[in-house]
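Here is the structure we will look at.
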Ligand SMILES: [Zn+2]
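In the working numbering, the protein residues as written are 380 to 616.
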């Protein structure tokens, strides 16, 4: 008898392509940790140098943010590529698409994660468009939640309850960004996403996948969703 296929692949490669040095930790820290625990390899690509995200002179801040990004990626168990584009200046033009395409072809991931096309920051929106163009029909693209979930309709939820403290520790690596505000907002959102699954005491991160040929179903590449609560009989309504 032919054995049933495994429901979850144990070893695959994910590329997380984010605009700024702390985005992967804030938006996807729990999911990256869950992938790592599954045995998947995760590689974070940071498109910009983050030089405009603070009060320090841009060159000094860019150097500091490299160290912060490395520390955060270490906690998440991910490797890192710094693409080095200018902070606040991303445009989904052919130069960015070609650079991302060369990075992605070299990484050869099974799945690409990037920002939602309607997220709050113009760099996030530009990158979302460029990543889709770069991936084309070579690799599937899934998008992460928006800032505070605004305008985001998830298709998948990841149970990140076990990883909440480690995710917060990774966000706190970005000392130059006054990170407690992002720990607070990410925790609020992960509580809400878990509560949407009937588990307000847990944490979850939300993703959205819009299938495009030949990638119709990518569930085998995702960590587990929050468990379903048993239905209780309540008697006559
Ligand atoms: Zn960002």
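Here a beta-carbon is modelled for each residue, glycine too, at the ideal position from N, C-alpha and C.
Source: prediction; values computed, not measured.
In the assembly as shown, residue 527 is an exposed residue. Its beta-carbon has fewer than 16 other beta-carbons within 10 Å. In the three-state scheme derived from DSSP, where H, G and I count as helix and E and B as strand, residue 594 is classed as strand. Every beta strand (DSSP E) stretch that sits fully inside the region 417-459 and reaches 3 residues is listed by chain position as 420-427. Taking the Cβ of residue 500 as the reference point, at least one heavy atom of ligand 1 falls within a distance shorter than 7 Å. Contact annotation: residue 451 and residue 549 have beta-carbon atoms nearer than 8 Å. At a Cβ-Cβ threshold of 8 Å, residue 433 and residue 399 do not count as neighbours. Here the region 479-491 does not lie against the region 437-452, with fewer than 3 beta-carbon pairs under 8 Å apart. Approximately 5 Å separates the beta-carbon atoms of residue 539 and residue 582; this is inside 8 Å, confirming the contact. For residue 464, the shortest C-beta to heavy atom distance toward ligand 1 is 7 Å or greater.
In the same chain as residue 390, and ignoring 5 residues on each side of it, the C-beta atoms closer than 6 Å to its own belong to 418, in chain order.
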